[in-house]
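This report concerns only the one structure given below.
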Amino acid sequence: MASGRGKYLETCFFSQSTEASKYITLEKIGQGNFSEVFKAREKGINQKIVAMKRMLTYNEKDGPPISVLREVRLLQHLKHENIVSLIGTCCSSSSFYLVFEFCEYDLEGLLKNTKVNLRLGELKNVLQQLLKGLYHVHSKKISHRDVNPANVLITKNGILKLADFGSARAFCLPEPTEPQNRYTNPVVTLWYRSPELLLGDRNYGPSVDMWGAGCIMAEMCTRSPILRGNTEQEQIKLISQLCGSFTPDVWPGIVKLKLYNEMELPMGHNRKVKDRLKGFVRNAYGCELLDKLLQLDPNARIDADSALKHDFFWTHPMPSDLSDMISRHRSSMFYYSAPRTNQMKRPYQEQIGNNQIQNKRQYKGYEDRIY
1 MASGRGKYLE TCFFSQSTEA SKYITLEKIG QGNFSEVFKA REKGINQKIV
51 AMKRMLTYNE KDGPPISVLR EVRLLQHLKH ENIVSLIGTC CSSSSFYLVF
101 EFCEYDLEGL LKNTKVNLRL GELKNVLQQL LKGLYHVHSK KISHRDVNPA
151 NVLITKNGIL KLADFGSARA FCLPEPTEPQ NRYTNPVVTL WYRSPELLLG
201 DRNYGPSVDM WGAGCIMAEM CTRSPILRGN TEQEQIKLIS QLCGSFTPDV
251 WPGIVKLKLY NEMELPMGHN RKVKDRLKGF VRNAYGCELL DKLLQLDPNA
301 RIDADSALKH DFFWTHPMPS DLSDMISRHR SSMFYYSAPR TNQMKRPYQE
351 QIGNNQIQNK RQYKGYEDRI Y
């Protein structure tokens, strides 16, 4: 167990922590840069199935890292059907775990399985549940900051659970006389990262999550990530080709962003969201909602409340229960355990190593910081 500062933090945040030996690990179902996730079973009479998130950066002397404390605090504050439930914590002599309710699927694993076909009503249901979860998160003045399909879980009963709040932050709207918030940049897995984050904005809000929701909606329609850049510069290029060039005409606030004046941004691109994706969405209201989610200007991007009221969810076919789709695929599906191809290698939110040095760009004052 931790001592000193770590012991104090554990006492404050993890008073109900138990020993890891209470659980039997069954299989590994997820991997990130700072944690790995296991399916596990509780010993004894209950034999409850859970998900155990092992923190790779745990230090026995200092205790759990601050990011874990933040995740626990936020999850204790977020109680909602569409937010994954934190059951508790446990530890061993060398490891610290967060214990969550177990969900049989993640959305990325489902989308990578060619045998899984989402009908329009089922797609509406998934997106609606995701937006309900985001609405609750944002109503608590919190941004998730890493909305992507691997963090969207689904239970065997068809209930969606937004997961992985390790990057989440509380935000507030400052008074006119107060300095603005300055949050970490960059965050969010590259393919789902919003334009304002790519341009170095550190005063962002919940709109970064809505961009991620738009990317997920498009991916459910196309069955493939729509913006698969390998570097931040390439990501900006792909977004420009789909959503139009980054200009003050469509995004007035862009002139205030430091990287806008330091980068040579792609010019001459018209907006093509509806034209490029209508053949996949095949629904006029769906195209309209997707267009509102993928707005370059974060202030013009639709919020979760307005998105839930959009006609897309209130016209035929109505959002339909996922139980029929799930009944056709009873075995669990996770991105981690899916067969890999080059096209499936999704960049993590952060990667450590020499890539940051090797992939520097030659634009004035700019280099890729994370991918």
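In the UniProt record's numbering, the protein residues as written are 1 to 371.
All C-beta atoms in this analysis are idealised placements derived from N, C-alpha and C, irrespective of residue type, glycine included.
Quick caveat, the model's predicted, so the values are computed rather than measured.
- Per the coordinates, the alpha-carbon of residue 152 lies some 17 Å from the alpha-carbon of residue 28.
- Taking one beta carbon from each stretch, the segment 312-328 and the segment 104-123 have 3 or more pairs nearer than 8 Å; the two touch.
- By the Cβ criterion, the segment 83-95 is not in contact with the segment 294-310, since fewer than three pairs of Cβ atoms, one from each stretch, lie closer than 8 Å.
- Residue 106 holds the alpha-carbon nearest to the alpha-carbon of residue 37 among 43, 106, 18, 75.
- Listed in chain order, the non-local C-beta contacts of residue 228 below 7 Å within the same chain comprise 191, local neighbours out to five positions each way being set aside.
- Secondary structure note for residue 35: its beta strand (DSSP E) is the uninterrupted segment 35-42.
- Nearest to residue 335 by C-alpha distance, out of 53, 104, 210, 127, is 104.
- Counted as a single uninterrupted DSSP element, the alpha helix (DSSP H) harbouring residue 276 occupies residues 273-281.
- In the three-state DSSP reduction, residue 30 falls in the strand class (E or B).
- Secondary structure of residue 260 (DSSP, three-state): helix.
- Taking the Cβ atoms as the reference, residue 99 lies roughly 5 Å from residue 50, within the contact range of under 8 Å.
- By the Cβ-count criterion, residue 224 is exposed, with fewer than 16 other Cβ atoms from all chains shown falling within 10 Å of its own Cβ.
- Annotated three-state conformation of residue 146 is coil, per DSSP.
- Nearest C-alpha to residue 102 among 42, 216, 205: 42.
- Ranked by how close their Cα comes to the Cα of residue 214, the residues 260, 200, 128, 92 have 128 in first place.
- No Cβ-Cβ contact shorter than 9 Å links residue 133 with residue 115.
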